[in-house]
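Residue numbers (our numbering): 4 to 186. Take a look at the structure set out below.
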Amino acid sequence: MYNLLKVMNVVVEPPTIVNDALILGGFLAAFLGLFGFYFQVADDSPRLARGGAVIAAIGAIALPVDRGVALFTSLTEGTPFGEVTTGLEPLYMVTFFGAVIAFLLFGTASLRAHTPSRTVGLLLVVPPVMLLTSLFGGAFVSWSGFVLVVWAVIAVGWLALGHRLRTEGIATDSAAATADSPA
């Protein structure tokens, strides 16, 4: 992921354990979050749900393996973490494209199943579309803020998705009376 971000000119310094921990945590949270959609969409779109779950599982395993080997190599050989090469660097690309494909599969399954909702399905499609835009669009646009705008849209998309999932199904026009209310 670092190499991908470096190519897109998002980062220029060597990766650190803190950077990798944040990237690893973010990807793991995204992959684990996708597993939550499996049971909601599996009945209506079993192939898409199964494909998304398998790809999310591969991504959730690939990145920790690569970073774990890098950390172990750094600690045992005394090499600075940013200079460690493990031979497993292609796992970054597996994780990146795995995230794109898994989000697209679950987003499509959610749109087809109308579960949890069409809005959630559309919000699941925003991150992969924007990730691909940042990857391929950055080669054609010389504006340095382009990638930052794309990543800002991704962040807002994830926040909107989280908000929508938390508030979906909650009626805002009326509330149930609690047992201790004097109603």
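All residues carry an ideal CB built from backbone N, CA and C; glycine is no exception. Please read all numbers here as calculations on a predicted model, not as lab measurements.
Secondary structure at residue i, three-state DSSP: helix, strand or coil?
{"i": "alanine 170", "result": "A quick correction: the sequence has threonine, not alanine, at residue 170. Helix at threonine 170."}
{"i": "glycine 54", "result": "helix"}
{"i": "glycine 148", "result": "coil"}
Compute the beta-carbon to beta-carbon distance between residue i and residue j, rounded to the nearest angstrom, for a pair I have assumed lies under 8 Å.
{"i": "phenylalanine 109", "j": "leucine 94", "result": "In fact, because the Cβ distance is near 21 Å, the residues do not count as touching under 8 Å."}
{"i": "threonine 19", "j": "phenylalanine 84", "result": "6 Å"}
{"i": "leucine 119", "j": "leucine 51", "result": "In the sequence on display, residue 119 carries proline and not leucine. Not a contact, Cβ separation roughly 15 Å."}
{"i": "proline 131", "j": "valine 103", "result": "4 Å"}
{"i": "glycine 55", "j": "leucine 31", "result": "About 16 Å; that fails the 8 Å criterion."}
{"i": "alanine 73", "j": "threonine 89", "result": "5 Å"}
What residue range is occupied by the uninterrupted alpha helix (DSSP H) comprising residue i?
{"i": "aspartate 23", "result": "20-44"}
Less than 8 Å between C-beta atoms, sequence neighbours within five positions excluded: which residues of the same chain meet that for residue i?
{"i": "methionine 133", "result": "Val153, Trp154, Val156, Ile157, Gly160"}
{"i": "threonine 175", "result": "Its pLDDT being 46, under 50, threonine 175 is placed unreliably by the model, and nothing is read from it."}
Counting only the same chain and skipping the five closest in sequence on each side, list residues whose C-beta sits under 6 Å from that of residue i.
{"i": "serine 77", "result": "Phe84, Val87"}
{"i": "valine 129", "result": "Gly160"}
{"i": "alanine 105", "result": "Leu37, Gly55, Ile58, Ala59"}
{"i": "threonine 122", "result": "Arg167"}
{"i": "phenylalanine 34", "result": "Ala59, Gly62, Ala63"}
{"i": "valine 97", "result": "Ala65"}
Going by beta carbon distance, what residues of the same chain come within less than 7 Å of residue i, once the five residues before and after it are set aside?
{"i": "phenylalanine 40", "result": "Phe109, Ser113"}
{"i": "aspartate 47", "result": "Arg115, Ala116, Thr118"}
Identify every run of the beta strand (DSSP E) within the stretch 57-137, keeping only runs that are complete inside it and at least 3 residues long; order them along the chain.
Counting only runs of 3 or more, we get nothing.
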